[in-house]
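K.L.:
One structure is given below, represented as structure tokens, and several questions about it will come after.
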């Protein structure tokens, strides 16, 4: 029986990976996070899954929390991190501290508890500096050089922790004789993805009936969105692939669309019939982002099938139900770009 640890197993991608792994009869899974995953109770009601699932809630920036794991593992999915643009802009010092401690504490744990393989979850934010300062190839391959722009800008705190994590685990793997694979996630979306992202913000604004004309922030910027089910299959595929050891892959989709296309399509889903207007974007936001996924396609048959409109529709439906029910997000609610620009000035 394979023993698997999912650090960050209560987060959006993590809890979906946990659920998918438990569909495999040969996996025992431990999910560890600072908070419970919304599906953890459901997983423990199935007797077969209950016997193969354990959850640990603790703050893993504290090295002592790792003592609760109390077993050895074959594989570790290292997904634990602070995410979200607003969080990065508002609390950059926390992002640096938390993400760095999570990486270093995991490295310490591995140095004392041998494993076979680790997968580190990195980010498309790593390319933001290259995109801003150089002529970055789009769709972007994994071989593009990474760089940091203005170090005084808070947005770089997230990207630098992801670059640090890639380096740390790749070289730790050589020192402690385990396999390591890095996946750079590219705008993964789906129900319960959190609230500090574009789609939840747009839906929240439509539900609140923001006055016309509806502002499209960063209207001409482009992104390529990937549905969570496809991302989970790709992530597990990267972990299980023999070719993936020591490699870096994009987990995403190549359907590049503009923020104007995204916003007006969500407006259509929300029955909005009034006017739109172009508006500014968030400080440090890149103009284009679209991954080249051919390496993952070739190495482990990665095949994201969900068309972007379907992915956006499924995501929008969940957030529409959430906001129309009168609920409020605990963190990550919408804050317009103007707020952050004023703060920078």
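Numbering (my numbering), first residue to last: 33 to 377.
Just so it is clear, CB atoms sit at the ideal spot from N, CA and C, and this is done for glycine as well.
Predicted model only: the values in this text are computed from it and were never measured.
1) Determine the direct distance from the alpha carbon of residue 317 to that of residue 162, and round the result to whole angstroms.
2) Looking at residue 105 and residue 35, is the spacing between their C-beta atoms short of 7 Å?
3) Taking C-beta to C-beta, are residue 130 and residue 115 nearer than 7 Å?
4) With residue 85 and residue 101 assumed to form a contact (beta carbons below 8 Å), what rounded beta-carbon distance in angstroms separates them?
5) Measuring only the C-alpha atoms, how far is residue 128 from residue 190?
6) Which term fits residue 65, buried or exposed, when burial requires 16 or more other beta carbons within 10 angstroms of its beta carbon?
7) Measure the C-alpha to C-alpha separation of residue 295 and residue 59 and round it to an integer number of angstroms.
8) DSSP state of residue 348, grouped into three classes?
9) For residue 310, name the three-state secondary structure that DSSP assigns.
10) Are the beta-carbon atoms of residue 369 and residue 313 separated by less than 7 Å?
11) Excluding the 5 residues preceding and the 5 following residue 227 in the sequence, name in chain order all residues of the same chain whose CB lies nearer than 7 Å to its CB.
12) Just checking my contact of residue 120 with residue 173 at CB under 8 Å: how many whole Å lie between their CB atoms?
13) Drop a sphere of 10 angstroms on the beta-carbon of residue 146, count the other beta-carbons inside from all chains shown, and report buried for 16 or more, exposed for fewer.
14) Pull up the distance between the alpha-carbon of residue 377 and that of residue 182, whole angstroms please.
15) Going by Cα to Cα distance, which pick from 54, 156 and 239 is closest to residue 357?
P.N.:
Result, derived from the coordinates:
1) To locate residue 162, count along the chain shown from 1; it is residue 130. To locate residue 317, count along the chain shown from 1; it is residue 285. If you take the alpha carbons of residue 162 and residue 317, they lie about 12 Å apart.
2) Against the chain shown, residue 35 aligns to sequence position 3. Against the chain shown, residue 105 aligns to sequence position 73. In this structure, residue 35 places its C-beta atom within 7 Å of the C-beta atom of residue 105.
3) Translated into positions along the chain shown, residue 130 becomes position 98. Translated into positions along the chain shown, residue 115 becomes position 83. Residue 115 is positioned such that its CB atom lies no closer than 7 Å to that of residue 130.
4) For the purposes of this step, residue 85 is taken as residue 53 along the chain shown, with counting starting at 1. For the purposes of this step, residue 101 is taken as residue 69 along the chain shown, with counting starting at 1. Taking 8 Å as the upper bound for CB-CB distance, residue 85 and residue 101 are not in contact here, some 14 Å apart.
5) Mapped onto the chain shown, residue 128 falls at position 96. Mapped onto the chain shown, residue 190 falls at position 158. C-alpha of residue 128 to C-alpha of residue 190: approximately 7 Å in a straight line.
6) Your numbering for residue 65 matches position 33 in the chain shown. Residue 65 counts as buried, since no fewer than 16 other beta carbons sit within 10 angstroms of its beta carbon.
7) Indexing the chain shown from 1 puts residue 295 at position 263. Indexing the chain shown from 1 puts residue 59 at position 27. Residue 295 and residue 59: Cα-Cα distance of roughly 40 Å.
8) Walking along the chain shown from the start, residue 348 turns up at place 316. Helix.
9) Translated into positions along the chain shown, residue 310 becomes position 278. Of the three classes helix, strand and coil, the one that applies to residue 310 here is strand, per DSSP.
10) Stepping through the chain shown from its first residue, residue 369 is reached at position 337. Stepping through the chain shown from its first residue, residue 313 is reached at position 281. Against a cut-off of 7 Å, the Cβ pair of residue 313 and residue 369 comes out as a contact.
11) One-based indexing of the chain shown puts residue 227 at position 195. Contacts found: 361, 363, 364 and 365.
12) Against the chain shown, residue 120 aligns to sequence position 88. Against the chain shown, residue 173 aligns to sequence position 141. Distance from residue 120 to residue 173 at the Cβ level is roughly 25 Å; contact not present, criterion being Cβ atoms closer than 8 Å.
13) The residue given as residue 146 occupies position 114 in the chain shown. Counting every other CB atom within 10 Å of its CB across the protein chains shown gives residue 146 a total below 16, marking it as exposed.
14) Locating residue 377 in the chain shown gives position 345, counting from the first residue. Locating residue 182 in the chain shown gives position 150, counting from the first residue. Confidence at residue 377 is low in this model, with a pLDDT of 49, below 50, so its placement is unreliable and no value can be given for it.
15) Within the chain shown, numbered from 1, the residue matching residue 357 stands at position 325. Per the Cα distances, 239.
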